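In this note's numbering, the protein residues as written are 183 to 535. Glycine included, every Cβ here is placed at the ideal spot set by N, Cα and C. The structure presented is a predicted model; accordingly, all values stated were derived computationally and were not measured.
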Ligand SMILES: C[S@@+](CC[C@H](N)C(=O)[O-])C[C@H]1O[C@@H](n2cnc3c(N)ncnc32)[C@H](O)[C@@H]1O
């Protein structure tokens with residue numbers, strides 16, 4: 183009885199976030215169309231059939247999320263985790279920032295950074311206002327708004343998508359069950375504001391956790407988040423995934439969430455090769471990223487709309503890129519893929535030799 187009640191609460195919670203995201207997108211689009219009629223993107227509307235398919239995929243994601251908690255992949259309370267304090271503090275700023283975003287789109291300024299940000303130390307491909315975000319990934323404001331903006335985009339299901347890495351992560355780490363958990367090293371590459379590290383910590387409380395990202399502001403935010411949870415603080419480092427500052431064969435497992443669609447193709451390859459270098463023989467790399475056209479041909483319109491509506495300069499190429507071939511070229515083998523809602527997952531093994 184209590185399980186039925188908890189499940190209903192979980193579904194209501196998710197549905198509530200989904201309605202909220204929809205309401206925000208509808209209202210902000212209407213205001214934008216009123217104030218900036220020229221900014222309406224030239225995209226085909228989604229058919230009723232496609233919207234139904236999207237809702238079915240979302241329901242399936244929630245069911246899998248619920249089931250994984252039931253089978254103990256992670257604690258049930260993770261299903262209800264939400265950064266409420268950030269929501270009440272920063273949601274008004276999401277609205278206040280919208281006119282800046284609209285001005286940027288109108289003037290086609292997609293590499294627009296506040297003057298005080300030192301941009302010369304970053305690779306050129308990174309200096310973009312991804313999703314038209316103010317200051318790209320390079321300011322405190324951006325770090326404070328990012329999770330809210332992504333939650334609105336995915337109708338409150340971003341963590342549910344991130345959590346899909348946890349089941350393969352736990353089951354594949356079983357290959358190292360002769361090693362005490364505290365000696366297992368897991369890194370989240372491009373850890374951003376630390377949401378994935380928080381989820382991994384809940385599922386694997388003892389492992390040594392590491393995170394790396396290019397953005398100092400996002401790492402600062404990740405640090406604030408991770409300080410609040412029990413357990414050893416993950417070791418966070420600012421650095422480029424193209425040149426991971428770790429020795430060969432160091433990590434038992436690596437995760438990487440929502441990075442590859444934001445990299446140009448050659449950089450995608452370099453990052454996979456770096457991940458291969460620092461993964462232990464017998465270890466794994468788990469990637470979570472956007473679905474690609476081949477994963478769900480019926481979603482092609484939604485995938486194309488995404489690259490048109492948001493500033494995602496490398497997404498078009500990503501959407502048809504052969505990630506399995508790239509991982510194999512990097513040296514990985516036995517690559518398994520899964521799809522959940524709007525994300526795909528690749529679990530790649532480094533041979534044990
Ligand atoms: C779309 S966000 C995803 C963040 C996080 N993984 C999540 O689940 O929300 C992309 C992240 O990749 C980081 N990033 C982009 N290129 C990078 C690179 N070459 N090396 C390290 N981090 C990078 C950005 O700073 C940003 O935090």
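Hey, is residue i close to ligand 1, as in C-beta under 7 Å from one of its heavy atoms?
i: residue 536; result: Residue numbering for the chain in the displayed model covers 183 to 535; residue 536 lies beyond these limits and cannot be assessed.
i: residue 378; result: yes
i: residue 344; result: yes
i: residue 422; result: yes
i: residue 272; result: no
i: residue 292; result: no
i: residue 444; result: yes
i: residue 430; result: no
i: residue 457; result: no
i: residue 419; result: no
i: residue 374; result: yes
i: residue 395; result: yes
i: residue 523; result: no
Quick check: residue i and residue j, are their CB atoms within less than 8 Å of each other?
i: residue 337; j: residue 200; result: yes
i: residue 419; j: residue 438; result: no
i: residue 492; j: residue 461; result: no
i: residue 473; j: residue 525; result: yes
i: residue 344; j: residue 381; result: yes
i: residue 235; j: residue 480; result: yes
i: residue 247; j: residue 261; result: yes
i: residue 518; j: residue 529; result: yes
i: residue 397; j: residue 275; result: no
i: residue 471; j: residue 440; result: yes
i: residue 243; j: residue 339; result: yes
i: residue 327; j: residue 363; result: no
i: residue 214; j: residue 266; result: no
I believe residue i touches residue j by the beta-carbon criterion, under 8 Å. Please report the beta-carbon distance rounded to the nearest angstrom.
i: residue 273; j: residue 330; result: 6 Å
i: residue 404; j: residue 372; result: Not confirmed; about 11 Å, so no contact.
i: residue 256; j: residue 356; result: Not quite, the Cβ-Cβ distance comes to about 16 Å (not below 8 Å), so this is no contact.
i: residue 312; j: residue 494; result: 6 Å
i: residue 450; j: residue 503; result: 7 Å
i: residue 349; j: residue 464; result: Residue 349 to residue 464, Cβ: 19 Å. No contact.
i: residue 263; j: residue 185; result: Not really, about 19 Å apart at Cβ, beyond 8 Å.
i: residue 249; j: residue 188; result: Between residue 188 and residue 249 the Cβ distance is about 13 Å, and since that is not below 8 Å, they are no contact.
i: residue 443; j: residue 496; result: 7 Å
i: residue 287; j: residue 221; result: 6 Å
Taking residue i as the reference, give the member of the options with the closest Cα.
i: residue 435; options: 393, 203 and 276; result: 393
i: residue 278; options: 294, 324 and 266; result: 324
i: residue 148; options: 495, 523, 484 and 448; result: An answer regarding residue 148 cannot be provided, because it is not within the stretch 183 to 535 covered by the chain.
i: residue 428; options: 396, 517 and 456; result: 456
i: residue 377; options: 364, 361, 360 and 395; result: 395
i: residue 226; options: 317, 499, 509 and 484; result: 484
i: residue 522; options: 270, 287, 215 and 240; result: 240
i: residue 541; options: 306, 305 and 281; result: The chain is shown only over 183 to 535; residue 541 falls outside these bounds and no answer can be derived.
i: residue 415; options: 426, 425, 391 and 398; result: 391
i: residue 412; options: 194, 388, 501 and 237; result: 388
i: residue 230; options: 238, 266 and 490; result: 238
i: residue 291; options: 215, 309 and 386; result: 309
i: residue 368; options: 204, 374, 351 and 283; result: 351
Is there a C-beta anywhere in chain B that falls below 8 Å from the one on residue i?
i: residue 447; result: No chain B appears in the structure shown, which is made up of a single protein chain.
Any heavy atom of ligand 3 closer than 7 Å to the beta-carbon of residue i?
i: residue 319; result: Among the ligands in the structure shown, ligand 3 does not appear; only ligand 1 can be found there.
Practice prompt. For the region 344 to 388, list the beta strand (DSSP E) runs that are entirely contained and at least 3 residues long, ordered along the chain.
Written response: 367 to 371
Fill in: In chain order, each alpha helix (DSSP H) run of at least 4 residues that lies wholly inside the region 283 to 337
322 to 335
Worksheet item: Where in the region 460 to 525 do unbroken runs of the alpha helix (DSSP H), each at least 4 residues long, occur, reported from the N-terminal end onward?
Response: 482 to 491, 497 to 500 and 505 to 512
Worksheet item: Can you give, in chain order, each stretch of the beta strand (DSSP E) that sits fully within the region 381 to 429 and has at least 3 residues?
Response: 390 to 395 and 417 to 420
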